[in-house]
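Some notes on the structure that comes next.
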Amino acid sequence: SQQGEEDPQALSIQEGENATMNCSYKTSINNLQWYRQNSGRGLVHLILIRSNEREKHSGRLRVTLDTSKKSSSLLITASRAADTASYFCVVPKRGSGNTGKLIFGQGTTLQVKP
Amino acid sequence: DAMVIQNPRYQVTQFGKPVTLSCSQTLNHNVMYWYQQKSSQAPKLLFHYYDKDFNNEADTPDNFQSRRPNTSFCFLDIRSPGLGDAAMYLCATSRMRATDAGETQYFGPGTRLLVL
Numbered sequence: 009s010q011q012g013e014e015d016p017q018a019l020s021i022q023e024g025e026n027a028t029m030n031c032s033y034k035t036s037i038n039n040l041q042w043y044r045q046n047s048g049r050g051l052v053h054l055i056l057i058r059s060n061e062r063e064k065h066s067g068r069l070r071v072t073l074d075t076s077k078k079s080s081s082l083l084i085t086a087s088r089a090a091d092t093a094s095y096f097c098v099v100p101k102r103g104s105g106n107t108g109k110l111i112f113g114q115g116t117t118l119q120v121k122p
Numbered sequence: 003d004a005m006v007i008q009n010p011r012y013q014v015t016q017f018g019k020p021v022t023l024s025c026s027q028t029l030n031h032n033v034m035y036w037y038q039q040k041s042s043q044a045p046k047l048l049f050h051y052y053d054k055d056f057n058n059e060a061d062t063p064d065n066f067q068s069r070r071p072n073t074s075f076c077f078l079d080i081r082s083p084g085l086g087d088a089a090m091y092l093c094a095t096s097r098m099r100a101t102d103a104g105e106t107q108y109f110g111p112g113t114r115l116l117v118l
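Sequence order for the protein chains is A and B.
Numbering-wise (the numbering used here), the first sequence opens with residue 9 and increments by one.
Numbering-wise (the numbering used here), the second sequence opens with residue 3 and increments by one.
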């Protein structure tokens, strides 16, 4: 399976702390995306990083990509209670040409305690 | 705001009774997807439409069908729901389907299906 695998499966931190989630995948990719899912807003795209990029920032989010290790990390700085959600690492499905299929990892459940 | 809308948010059906879930989008995107997500699991793609071109996943049961009468609407039909079909059903859209370019998918809030 080329599915991304997130680590840890669950993470609990205090508000204001940083949260780091890791993702590993098995096949070569051209891009990797992170999505967030919570009960209020459903699944929302957070950030996309391309294979020729090593790091990308968006507000309090920092994503890294190491294609040699087939891994990515998502860092959320100065976490807030509203960041409580599941975070999914998502890679394109290989061998499907231009079909737009995405493969979701199992996700990391983040709880930010106020 | 442009968005993906799913109705209803919660659907209760009886074992074996056909049910239809609806999705509409105001993004004017070419591609619409249906995912099934069971509790504490990742979303699993059932099928997608690229314009009017239907693409079924190999492991999607025949019990699941879809219709896209126009650009804005897409329906998921479950012909004979079983207890194992109870799940969250997510509709998503993307402008194009080129995976190499990294197309973002925009998701609706989902319909939670309960089968009694």
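Every residue gets a Cβ at the ideal spot worked out from N, C-alpha and C, and that includes glycine.
Where the beta strand (DSSP E) through residue i begins and ends
i               : result
S2 of chain A   : Because chain A is modelled from 9 through 122, residue 2 of chain A falls outside the range shown and cannot be assessed.
G113 of chain A : Run containing G113 of chain A: none; DSSP gives neither H nor E here.
N60 of chain A  : N60 of chain A -> no beta strand (DSSP E), and no H or E assigned at all.
F66 of chain B  : F66 to R69
K46 of chain B  : K46 to Y52
L78 of chain B  : F75 to I80
I139 of chain A : Because chain A in this structure spans residues 9 to 122, residue 139 of chain A falls outside the shown range and cannot be described.
R114 of chain B : T113 to V117
P100 of chain A : A93 to P100
R44 of chain A  : N39 to N46
Q8 of chain B   : V6 to N9
A89 of chain B  : A89 to S96
E105 of chain B : No beta strand (DSSP E) contains E105 of chain B, which DSSP labels as neither H nor E.
Contact with chain B by residue i, beta-carbon distance below 7 Å
i              : result
G50 of chain A : yes
H65 of chain A : no
D69 of chain A : For clarity, residue 69 of chain A is Leu in the given sequence; the question names Asp instead. Not an interface residue.
L82 of chain A : no
Interface partners of residue i on chain B, CB under 9 Å
i               : result
Q114 of chain A : S42, Q43 and A44
Contact set between residue i and chain B, taken where Cβ atoms lie within less than 8 Å
i              : result
Q41 of chain A : G104 and T106
L56 of chain A : G104 and T106
Residue i at chain D interface by Cβ criterion, 7 Å
i              : result
P10 of chain B : Although the question refers to chain D, the structure presented lacks it and instead comprises the protein chains A and B.
Where residue i meets chain A, residues with beta-carbon distance less than 7 Å
i               : result
F77 of chain B  : Those within 7 Å of F77 of chain B in chain A number zero; the least Cβ separation is about 19 Å.
L92 of chain B  : L51
P111 of chain B : G50
Rounded Cβ spacing between residue i and residue j (contact assumed at less than 8 Å)
i               : j               : result
G120 of chain B : S74 of chain B  : Outside the shown range of chain B (3 to 118) lies residue 120 of chain B, about which nothing can therefore be said.
I57 of chain A  : S32 of chain A  : About 15 Å; that fails the 8 Å criterion.
T92 of chain A  : L118 of chain A : 6 Å
S68 of chain B  : D79 of chain B  : 7 Å
Q107 of chain B : L110 of chain A : 6 Å
F66 of chain B  : L48 of chain B  : 6 Å
R88 of chain A  : V120 of chain A : 6 Å
C25 of chain B  : G110 of chain B : 6 Å
Contact set between residue i and chain A, taken where Cβ atoms lie within less than 9 Å
i              : result
F66 of chain B : Those do not exist, as F66 of chain B stays about 16 Å from chain A at its closest Cβ, beyond 9 Å.
F56 of chain B : By Cβ distance, chain A contributes nothing, its closest Cβ being about 12 Å from F56 of chain B, past 9 Å.
beta-carbon residue i near the ligand ATP non-hydrogen atom, thresh 6 Å
i              : result
L19 of chain A : Only the bare structure without any ligand can be found here, which leaves the ligand ATP out of the picture.
Are three or more beta carbon pairs between the region 24–31 of chain A and the region 65–83 of chain A nearer than 8 Å?
-> yes
Determine contact between the region 89–99 of chain B and the region 17–31 of chain B, defined as no fewer than three beta-carbon pairs at a distance below 8 Å.
-> As far as the Cβ criterion goes, the region 89–99 of chain B touches the region 17–31 of chain B, which means the pair count is three or higher.
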